[in-house]
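Q: Protein chains in written order, with the working numbering: chain B, 7 to 339; chain Z, 7 to 339.
Number of protein chains: 2
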Amino acid sequence: MAVTLKQICEEAGVSKATVSRVLNNHPLVSKETREKVQEVIQRLKFTPNALARNLSLRRTDTIGVLFPWIFNGFFSTLLRGVDSAASELNYHVITSLSHDAGDENAMASRLLKERRIDGLILMAPSLPADQIEELKSIDVPLVVLQREIADPEVNSVSVDNFDGGLKATAHLIERGCRRILAIAGPQGSLDSDRREAGYREALKQADIAFDPDLLIRSNFNKETAFTSFENFRRRFAMPDAIFCFNDEIALGMLKYLKTIGVRVPEDVALIGFDGIEFTEFAELSTLTMPMQEMGRQAVRLLIKQIECKEKRTAEQLLLKGAVVERNSTRRRS
Amino acid sequence: MAVTLKQICEEAGVSKATVSRVLNNHPLVSKETREKVQEVIQRLKFTPNALARNLSLRRTDTIGVLFPWIFNGFFSTLLRGVDSAASELNYHVITSLSHDAGDENAMASRLLKERRIDGLILMAPSLPADQIEELKSIDVPLVVLQREIADPEVNSVSVDNFDGGLKATAHLIERGCRRILAIAGPQGSLDSDRREAGYREALKQADIAFDPDLLIRSNFNKETAFTSFENFRRRFAMPDAIFCFNDEIALGMLKYLKTIGVRVPEDVALIGFDGIEFTEFAELSTLTMPMQEMGRQAVRLLIKQIECKEKRTAEQLLLKGAVVERNSTRRRS
DNA sequence: CTGAAAGCGCTTACAG
DNA sequence: CTGAAAGCGCTTACAG
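#1: Judging by CA-CA distance, which residue of Z:Ile123, Z:Arg122, Z:Arg332, Z:Ala188 is the nearest neighbour of threonine 175 (chain Z)?
#2: So which residues of chain B does aspartate 253 (chain Z) contact, with C-beta pairs closer than 7 Å?
#3: Which complete alpha helix (DSSP H) runs does the region 226-269 of chain Z hold, if anything under 4 residues is left out?
#4: With H, G and I counted as helix, E and B as strand and the rest as coil, what does DSSP make of glutamine 137 (chain B)?
#5: Taking contact to mean 3 or more Cβ pairs, one atom from each stretch, closer than 8 Å, check whether the region 188-204 of chain B and the region 244-260 of chain B are in contact.
#6: When DSSP labels each residue in this structure, what does serine 162 (chain Z) get in the three-state scheme?
#7: Rounded to the nearest angstrom, how far is the Cβ of glycine 278 (chain Z) from that of threonine 292 (chain Z), given a contact under 8 Å?
#8: List the residues of chain B that proline 54 (chain Z) touches, going by C-beta distances under 8 Å, in chain order.
#9: Would a C-beta distance cut-off of 8 Å place phenylalanine 232 (chain B) and glycine 204 (chain B) closer than the cut-off?
#10: Quick one: residues in its chain with C-beta nearer than 6 Å to the C-beta of leucine 196 (chain Z), no 5 flanking neighbours on either side, listed in chain order?
#11: For the candidate residues Z:Phe80, Z:Thr24, Z:Glu38, Z:Glu17, whose alpha-carbon lies nearest to that of arginine 49 (chain Z)?
#12: Closer than 6 Å by C-beta to proline 147 (chain B): which residues in its own chain qualify, once you throw out the five before and the five after it? Chain order, please.
#13: Which residues in chain Z sit within 8 Å of phenylalanine 168 (chain B), going by Cβ to Cβ distance?
#14: Please report the Cβ distance between leucine 276 (chain Z) and isoleucine 248 (chain Z), rounded to the nearest whole angstrom; I am assuming they are in contact, meaning their Cβ atoms lie under 8 Å.
#15: Just the C-alpha distance for aspartate 343 (chain B) and cysteine 183 (chain B), rounded to the nearest angstrom, thanks.
#16: Are glutamine 298 (chain B) and leucine 323 (chain B) close, meaning C-beta to C-beta below 8 Å?
#17: Take glycine 171 (chain Z) and list the residues in its own chain whose beta-carbon comes closer than 6 Å to its own, dropping the five residues that flank it on each side.
#18: Start and end of the beta strand (DSSP E) containing histidine 98 (chain Z)?
#19: Of all the residues that make up the region 85-110 of chain Z, which are near chain B by a beta-carbon distance shorter than 8 Å?
#20: If you reduce the DSSP assignment to three classes, tell me which class glycine 182 (chain B) lands in.
#21: Hey, asparagine 60 (chain Z) and threonine 53 (chain Z): beta-carbon distance below 8 Å or not?
#22: Please decide whether phenylalanine 279 (chain B) counts as near chain Z, where near means a Cβ-Cβ distance under 8 Å.
#23: Could you tell me if isoleucine 127 (chain B) is buried or exposed, where buried requires 16 or more neighbouring beta carbons within 10 angstroms of its beta carbon?
#24: Quick one: which chain B residues come within Cβ less than 9 Å of asparagine 225 (chain Z)?
#25: Quick one: Cα of lysine 42 (chain Z) to Cα of serine 21 (chain Z), how far?
#26: For serine 224 (chain Z), which option in Z:Tyr97, Z:Ala112, Z:Glu236, Z:Asp213 has the closest C-alpha, if you only look at C-alpha atoms?
#27: What first and last residue would you give for the alpha helix (DSSP H) that runs through leucine 347 (chain B)?
#28: Measuring CB to CB, does histidine 98 (chain B) end up less than 8 Å from arginine 122 (chain Z)?
#29: So which residues on chain B does asparagine 237 (chain Z) lean against when the C-beta distance must stay under 8 Å?
#30: Quick one, which residues of the region 133-144 of chain B are near chain Z if we go by CB-CB under 7 Å, in chain order?
#31: What is the DSSP secondary structure of glycine 70 (chain B), reduced to helix, strand or coil?
#32: Specify the secondary structure class of aspartate 124 (chain Z) as computed by DSSP and reduced to three states.
#33: Within 10 angstroms of the Cβ of cysteine 15 (chain Z), are there 16 or more other Cβ atoms? Answer buried if so, exposed if not.
#34: Taking the C-alpha atoms as reference points, what is the distance between arginine 27 (chain Z) and isoleucine 255 (chain B)?
#35: Go ahead and label lysine 352 (chain B) buried or exposed: buried means 16 or more other beta carbons lie within 10 angstroms of its beta carbon, across all protein chains shown.
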């Protein structure tokens, strides 16, 4: 079997307490004994059992990350940020992909209640607000990622949607576009609302009147976006530019426009939002979120909470994205 | 604090042993006491502490997954398969992304030696064979994913590279191509060698002589592929078709050919290998691996090993991929 | 600076 | 069918 602390203390002729102190760099150990013990540890290739240690310490050095079932390059980049920050801070990461829409909470709270994790990062863009409240009530460190939350008591890190909407729109305006169609998300999505506010602000700054006909809605996927767009076209002329509130819609539109013989960017400029990998290949301009950094910040926030239980003042970080300019908004020559 | 087993047994007026038996559905508990205990468990909302349980049981119900640092949609799909299979079998998944090339082993063996995981899935396409041997020597359940392994004692699940190379090539031959350039991986890559063998077999079946000039090498990335390809072009005419041994190369070539005015598929047909998400958008035909299924099978294999320690007969699964036909190999009309 | 002892929260032979 | 007791492998006041 594996070497245990007990074998070390017997071999070194000291008590378990002493070995434990050496292991944890406790200052009150004489240099001699410390060295003697260390020698034995090395010789016997001892690695402490984390389970036992954690049971005593009542913590696990592990954080849970709850993903939506459908996750793409976008989420993997986020995960990369989470994992790298966690490992720098000596934490492990347990992932949990929710399988159907409903069981997100069940999985998360099981992990939490079984004490397998010290805290949770929630990456659930479409999780209803009341379920977030429910998890919050378990009273364990929690950070919501990639989603602006209205409740000020919930820690979150998200892209600054207002700023992003503003930048994307301003970028199009700079290119000379004035009739800018926005394909927004659904009613009630805070993310969409903030992007919309940014869109309006950019128009205002450029002295362009907001035209409600130029704001259509989707469910953040291409199917619903197409329906809305076809509807729009039956009634109105083609706009100068289209600002899609996420990349999936933008990529869909890129193909769709090609199909119906509309050239991008010559006839209409197109910009997305998110910055998924795909966009690079598709040469789609997009407002790129700092995904890896968002993952890293989420971990920092979470571990901060885990390690100082007292002051539970929630923070809500908004990280700024940047427009990555590609062919779809190239200046027309 | 959290409710513990002790509180349950006091409240129910039985011993800890009895509560434990109820928890684990041990048959030797009378119906009455079982019901009484269950009632208390429900009332006090007791969830057993997994740490304590695992320490007693000397296992963790957790498997580790070691990813390469650069991971894309391809690996996330694999992870999805791993996570879903694991959760069906009541296991948790700890991920560990290696940060620089060297520390893969260190991270994995730490997880293992600290007893945080019961077994490991290794997703390290480029990990040197000797490092795999090293991990193998820790003598803990291990499955290597997405990589054919020569050592018959190592469990692995991989795509059937020979079959894939054969199918991809046969697909091109069916399209009327005869001079088929293969952009292979590096010397010594078993994956590449197997794909090459499939390529040759397909040629043979079609009575096309193998031409060594039509097999060039890359390092499985586009930069090295370009260099090889330019080299090739200086000496030879454009082939009928190009079979790229992975999608990254194929996507790179797709753009590159466009740049130099070669039309796909009119002038040259193009097929990739892997089936990453990107290819769909790019309309690239590719030999698609059953990635999610590979992840699932890896978990099954691993858990099988974990749960019956006796018969350590290694299995090496080869799952078959399929050609997904898209525009890049469309029949010329 | 060091050790004996209790504790973390479960499980499981062993008796009865 | 049930309980007392030892054990899983660590940590940490408390004494000295």
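From the three backbone atoms N, C-alpha and C, an ideal C-beta is built for every residue, glycine too.
Bear in mind that the values here come from a model prediction, so they are computed numbers and not experimental data.
A: In short, the structure shows the following:
#1: Z:Ala188
#2: None at all; the shortest Cβ gap to chain B is about 11 Å.
#3: 228-241, 253-265
#4: helix
#5: yes
#6: strand
#7: 4 Å
#8: Glu120
#9: no
#10: Glu154
#11: Z:Glu17
#12: Gly125, Leu308, Gln311, Ile312
#13: Going along chain Z, no residue has its Cβ under 8 Å from phenylalanine 168 (chain B), so there is no contact; the nearest lies around 29 Å.
#14: 5 Å
#15: A query on residue 343 (chain B) cannot be resolved here, the shown segment of chain B reaching from 7 to 339 and no further.
#16: no
#17: Arg201, Gly204, Tyr205
#18: 98-103
#19: Leu85, Arg86, Asp89, Ser90, Ser93, His98, Val99, Ile100, Thr101, Ser102, Leu103, His105
#20: coil
#21: no
#22: no
#23: buried
#24: Ordered by position in chain B, no residue passes the 9 Å Cβ test against asparagine 225 (chain Z), which lies about 20 Å from the chain.
#25: 13 Å
#26: Z:Glu236
#27: Any question about residue 347 (chain B) goes unanswered here, given that chain B covers just 7 to 339.
#28: yes
#29: Here the premise fails: no neighbours, minimum Cβ distance about 25 Å.
#30: none
#31: strand
#32: coil
#33: buried
#34: 54 Å
#35: Given that chain B is displayed from residue 7 to residue 339, the structure contains no residue 352 (chain B) and the question cannot be resolved.
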